[in-house]
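Protein chains: 6
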Amino acid sequence: MPPRPPIEYRDASPRVRAVFDDIKRTRQVADVNNFWKYLAHDPAALERTWTGLKEIMAPGALDALTKEMIYVAVSVTNGCGYCIASHSAAARKAGMSEAMFGELMAVVGMANETNRLANGYRVPIDPAFE
Amino acid sequence: MPPRPPIEYRDASPRVRAVFDDIKRTRQVADVNNFWKYLAHDPAALERTWTGLKEIMAPGALDALTKEMIYVAVSVTNGCGYCIASHSAAARKAGMSEAMFGELMAVVGMANETNRLANGYRVPIDPAFE
Amino acid sequence: MPPRPPIEYRDASPRVRAVFDDIKRTRQVADVNNFWKYLAHDPAALERTWTGLKEIMAPGALDALTKEMIYVAVSVTNGCGYCIASHSAAARKAGMSEAMFGELMAVVGMANETNRLANGYRVPIDPAFE
Amino acid sequence: MPPRPPIEYRDASPRVRAVFDDIKRTRQVADVNNFWKYLAHDPAALERTWTGLKEIMAPGALDALTKEMIYVAVSVTNGCGYCIASHSAAARKAGMSEAMFGELMAVVGMANETNRLANGYRVPIDPAFE
Amino acid sequence: MPPRPPIEYRDASPRVRAVFDDIKRTRQVADVNNFWKYLAHDPAALERTWTGLKEIMAPGALDALTKEMIYVAVSVTNGCGYCIASHSAAARKAGMSEAMFGELMAVVGMANETNRLANGYRVPIDPAFE
Amino acid sequence: MPPRPPIEYRDASPRVRAVFDDIKRTRQVADVNNFWKYLAHDPAALERTWTGLKEIMAPGALDALTKEMIYVAVSVTNGCGYCIASHSAAARKAGMSEAMFGELMAVVGMANETNRLANGYRVPIDPAFE
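Chains as they are written, first to last, in the numbering used here: chain A, 761 to 890; chain B, 761 to 890; chain C, 761 to 890; chain D, 761 to 890; chain E, 761 to 890; chain F, 761 to 890.
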C-alpha cells in the first residue's frame, strides 16, 4: 500500500488552491514543492502549516538567510533527507555561499559532537548559566 | 559510582593548563566552564575539541552570533540541557536579543515539526533539488 | 560489501521456519515482511523480537489500531523509513482512515515542535506534575 | 545568565492574557502550565502555538485520549522531560488507566528497538509498501 | 500528578519478586536498580525486558564489557540520563578503565559529528558498500 | 539545485590531495570513500575531520574493532544510512564476524528500548550512581 499520490493544482479543492496560490505568490515560484502537495491531503494541516511557516520565516529580528540556515541545521541533525534537500536549496536561494554552507556544516557537526560529550561526562550546568 | 569530579586549574597538568589558558585568553574569561573541566580527564580530547571549536566558531563567512545561534538550534533539537544553557548564554553574550531568541526558537520548533511531516507523508525529493 | 541477502522460507532452518510460520498464522499473510527475513540471520533475535512484538501488539487495555498508530508516531519521530512504510500499512489494515492518519501526523508534528520549545525555553516541571 | 522567569497572569499584557484566558476556559483549569508562562515571552509564538494545539488536540477522527497518548509516545522518544510529565498527566486526566500506560510504554519501547534493527540490518522496503 | 512510586521487594507480588530474585542472583547484588522497581508496575514488561536483557547481555561472540560500552554509546547518543549513569557504572564494574571511557566518548562524539556531515553533504553510498 | 559533485583526486588541490594521500596510506586503500570526496569542498573541515578521526580510531585502550562497532552503534541509533553502510563495512574489515554483528544489533536495539522505558517511567537515578 503506497502513500497517496501528491495533489496537483488542477485536482485541488478551492481551499487547497487558495493555499497553493499564496505559496506561489509569496515565494514567486511557478509551482509548489512536493511537501505541500502531499500535505494537501489534510487541508486544515496545509493551511495551518503554511500560515505558521510564512509568519515564522518572514524577516524580523533575524533575516531570511539566517532562518533558512537554522532550518538546515535542525534538518541535518534530525537526518530528514527531504528537508535537507529543500532547505539547503532555499538557503542558497536566500544567499548562502558555499563558504557559508561549509561553516554551517562545521558548526552543526561540532555541536552534535559536544552535545554527546556533555551527556557522557555528565557535566553539571555552571551556576553562572542557571 | 559518581562521575569523576571536574579538574580545577590548580590541580591540572601543564598540558591541561595550556588549554585552559588559551580558552581564558581567547574568551576573555576568568575561568573555564564545567565542560572543559570534565573533558580535562582526557587531555588529548580536551586539546582536540578546543582546537576544533576555536577554529570552527571563529568569525568567517558566518559571524560569531550566527554560529552561536546554530549551536543553540542543534542543542535544543538534541535536548542537551548543558549545551542549551551554555550556548544560549554565549549567544546572548555575542549579541542575541530576546526578539532574536524568540525567532530562533520559532524556527527550530517549526523545522522539527515539518521534518516529521515530511517523514510521515513520505514526501519524495523534488527533481529540482536532486 | 553489501548487507547479507534476506533469508527466504525455502532456505530457512527449522528454527527460523517455526517463527515464520507463527507470523504467517498470526497475521494471516502468505509471506513475512523483509524485516523478518533479514533478522533471521540471528535466529535468537528473530525469536525474541517476534515473541515480544506479538505479546506487546496484541489487543489489551489498548486496541490494535491505537497500538499501530503509536508505532507510526515513534517511527516518524525517529525517521525510520522502513518502519514508517510497514507500520503505516499495518495501521491502515487495522482500520486507520485517511482522516485518522492526518490527525496522527498533526499530533506528531505538534509534539515534536513543542518538545523543542520546552527544551529551548528551559521550562521547569510544574509542581503539580512532580 | 538564567532563563527569563515565567510571565504570570498579573504581569501579562492584554494579548498574553487573552491566550491565558482561552487556555483556562478550554481546559477548565485555574492557571496555565509553566510551558505557556515561558512561551509568553514571545506573544506571537504563544498565540500561534496555542491556536494550533487547540485545533490539533480537539477530538475529531481520533479521540482526545488517543491524541494525548500519541503525544506521550513522541515525548518519550525525544526524551523531553517536561513534555513527558505534562502530557502523561494530561493523558491520565483524559482517561488513561495504568494498564493503558503500561501498554503505551511497551509499544514505544518495542518501536524504538525495531526502528534500530531495521536501520542496522539495512532492510529494504517491501514492494507491497512502496 | 507524580509518577507512581517504585515497587520495593517487600511490597512486590510473587511474580515481580521472582524477577527481582533472578536479577539479584544473576548480578550478585543486594537490591535491584530503580529501573526495575518502576518497570515492576507492569509485571509482563518486567519479565519480558529482564529476560531479553539477560539473554542479550550475556557474554557470547562479544564479551560483557564490550556490550556495556555499546550500551553507553547508545545511551549517550540518545541523551538518556538514567541510562548513562547506570550503564557507565555497569561498564566500570565490568572492567572499563578511565582511559577506555575516554576513548569510548571520543568515538561517540566523532560518530555523532560525522553522521551529520554525511547527512548535510548528502553523501551517496559508495558502490562498494551497496 | 543538486549537491555539488564529489571532488576526485585528479581535480583536487594540493591541500586536499595531501589528505587523500594520507587516508589511502593509513587505510591501505586505492581510493578514498565518497564521504571524503564531498567533505573536500571545505578543505579545512577535511583536514580537521581526518586528523581527528585518525587520532580517535587508532588502537589505544580500545582496539580498532571495538571502536568500529561503537561507531556502528551510534550510526544505527541516529539512522545515518551512509554511516551504517560504511562503518559496518569497516567493522567487518576489522574482524567483526556475523555473530558479533548480530549481538551488536541486539544490544543496540535493547538499549534504544530501555532508554525510552527509563524516560517514560521517569526513573530517578539511584543514589549509588550519583
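Using N, Cα and C, we set each Cβ at its ideal position, and we do this for glycine too.
Cβ of residue i within 8 angstroms of any chain D Cβ
i: C:Glu-863; result: yes
i: E:His-801; result: yes
Residue i, enclosing alpha helix (DSSP H) - first and last residue
i: F:Val-776; result: 774-787
i: C:Met-829; result: 824-838
i: B:Val-883; result: Note, B:Val-883: premise wrong, no alpha helix (DSSP H); not H, not E.
i: A:Pro-765; result: That residue, A:Pro-765, is in no alpha helix (DSSP H); it is neither H nor E in DSSP.
i: A:Arg-808; result: 803-817
i: E:Gly-841; result: 841-853
i: A:Asn-794; result: 794-799
Cutoff 8 angstroms: residue i Cβ touching any chain B Cβ
i: E:Gly-855; result: no
i: A:Val-868; result: yes
i: A:Ala-845; result: yes
i: A:Ile-783; result: no
i: F:Glu-768; result: no
Cβ of residue i within 8 angstroms of any chain C Cβ
i: F:Gly-812; result: no
i: B:Asn-872; result: yes
Residue-level contact to chain E via CB, residue i, 8 angstroms cutoff
i: B:Ala-805; result: yes
i: A:Gly-820; result: no
i: A:Glu-890; result: no
i: A:Asn-794; result: no
i: A:Arg-876; result: yes
Short CB-CB distance (under 8 angstroms) between residue i and chain F
i: E:Pro-765; result: no
i: E:Val-883; result: yes
i: B:Arg-808; result: yes
i: E:Asp-771; result: no
Below-8 angstroms beta-carbon distance, residue i vs any chain A residue
i: C:Glu-858; result: yes
i: D:Arg-775; result: no
i: B:Ala-849; result: yes
Any C-beta of chain I under 8 angstroms from that of residue i
i: E:Leu-825; result: The structure shown contains no chain I; the protein chains it does contain are A, B, C, D, E and F.
(message) Would you call the stretch 859-867 of chain C in contact with the stretch 858-871 of chain B, where contact means no fewer than 3 C-beta pairs closer than 8 angstroms?
(response) no
(request) Residues of the stretch 823-840 of chain A with a CB closer than 7 angstroms to any CB of chain B: list them in chain order, please. (result) Thr-826, Lys-827, Met-829, Ile-830, Tyr-831, Ala-833, Val-834, Ser-835, Thr-837, Asn-838, Cys-840
(request) For the stretch 791-803 of chain C and the stretch 821-835 of chain C, state whether three or more C-beta atom pairs, one from each stretch, are separated by less than 8 angstroms. (result) Result no; under three Cβ-Cβ pairs closer than 8 angstroms.
(request) Decide yes or no for the touch test of the stretch 767-778 of chain B against the stretch 847-862 of chain B: beta carbon pairs closer than 8 angstroms, at least 3 of them. (result) no
(request) Examine the Cβ distances between the stretch 871-886 of chain D and the stretch 834-846 of chain C and report whether three or more of them are shorter than 8 angstroms. (result) yes
(message) Is it the case that the stretch 775-789 of chain D contacts the stretch 807-816 of chain D, given that we only count it when at least three CB pairs across the two stretches are under 8 angstroms?
(response) yes
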